[in-house]
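Have a look at the structure below, then the notes.
Numbering (my numbering), first residue to last: 2 to 314.
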């Protein structure tokens, strides 16, 4: 397969890069490459490699006349112009399942860190402030009410972890899941009113943009806490900042942001917010598994076999 040309437009781990370099002719370029800037290799590219944060527009696809497959290193593919790809007969794959546990683990790590003020407590000890008096109280987790937005793979994994904390779990989604026992609440606002913690696990894209609105945040209230491990676009970031600054929301823990890697200074300045750099699935084991799955999709396509993980639909 050494004569197969592959275009990589985003960061992927060395596990995957090493595999690709051993088997393909790999080219690097920006996802925003201007028309005509890619060079002669563009006409030979059969596979495009992106990641979950990539924006793959029709204008890039138009520069790749031989393109057959887009492989996304990540579960999210909302940045890919899927309609343009399908109109050309270009298949699109992603990496679901292998990162579910890590993302759900991070959701709970963020929830615990925010509620129990772990980051603040660490700074308190390091600054030798303990000698001046006790650290302020935090918020109980076990036995509290947890709301999950989205009951897909990750939402289910978060809910399952909550069971170990004896939490009262309810959820909202496009439709009620018939194979889960947690209580379904069709109204997101009503769910937010009922819970202490709201964990966002839904997909990104135009249909969920700004889903966590000012109304939802006000419903969650001054004792409520928002945890987002989905997509930054799902939360109205300006409304979130205002709610936190004005004390209308108890706190937040975020792994994703509206304009990554640019995190608003206002969020960084708030003591009741825990921030991580879109790293929920970033464990060595999972990045290796994701790399293997991307490469398996590439091999299956080139060998004419069914793709292991095509995107839905």
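Beta carbons: idealized from backbone N, C-alpha and C, even for Gly.
Query: Between the alpha carbons of residue 230 and residue 211, how many angstroms are there, rounded?; Result: 15 Å
Query: Taking only runs of the alpha helix (DSSP H) that begin and end inside the region 114-197, which ones reach a length of at least 4 residues, in chain order?; Result: 119-127, 154-165, 189-195
Query: Closer than 7 Å: is that where the CB of residue 204 sits relative to any heavy atom of the ligand HEM?; Result: Among the components of this structure there are no ligands whatsoever, and the ligand HEM is therefore not found.
Query: Use the C-beta contact count for residue 302: other C-beta atoms within 10 angstroms, 16 or more gives buried, fewer gives exposed.; Result: buried
Query: If you count every other CB in all the chains shown that lies within 10 Å of the CB of residue 305, and 16 or more means buried, which is it?; Result: exposed
Query: Would you list the residues sitting across from residue 57 in a DSSP beta bridge?; Result: 81
Query: To which residues of the same chain is residue 274 closer than 8 Å at the C-beta, ignoring the five residues directly before and after it?; Result: 115, 245, 252, 253, 254, 255, 268
Query: Determine, using beta-carbon pairs with one atom in the region 214-223 and one in the region 53-63, whether at least three such pairs fall under 8 Å.; Result: no
Query: Going by the CB atoms, is the gap between residue 192 and residue 227 shorter than 8 Å?; Result: no
Query: Label residue 295 either buried or exposed according to how many other C-beta atoms from any shown protein chain fall within 10 Å of its C-beta, with 16 as the threshold for buried.; Result: buried
Query: Check whether the region 153-167 and the region 101-112 touch, using three or more Cβ-Cβ pairs below 8 Å as the test.; Result: yes
Query: Have a look at residue 280 and residue 98 and give me their C-alpha separation to the nearest angstrom.; Result: 16 Å
Query: Hey, how far is the Cα of residue 233 from the Cα of residue 282?; Result: 15 Å
Query: Can you have a look at residue 220 and say buried or exposed, based on whether 16 or more other CB atoms are within 10 angstroms of its CB?; Result: buried
Query: Enumerate, from N- to C-terminal direction, the unbroken alpha helix (DSSP H) stretches of 4 or more residues contained entirely within the region 246-309.; Result: 266-269, 285-303
Query: Could you compute how far the alpha carbon of residue 20 sits from the alpha carbon of residue 142?; Result: 43 Å
Query: Unbroken alpha helix (DSSP H) runs of length 4 or more, entirely within the region 3-73: which are they?; Result: 15-24, 59-62
Query: When you compare only the Cα positions, how much space is there between residue 10 and residue 16?; Result: 16 Å
Query: What does the alpha-carbon distance come out to for the pair residue 42 and residue 173?; Result: 47 Å
Query: Answer yes or no: do residue 150 and residue 189 have a C-beta to C-beta separation smaller than 8 Å?; Result: yes
Query: Quick one: grab the DSSP three-state call for residue 213.; Result: strand
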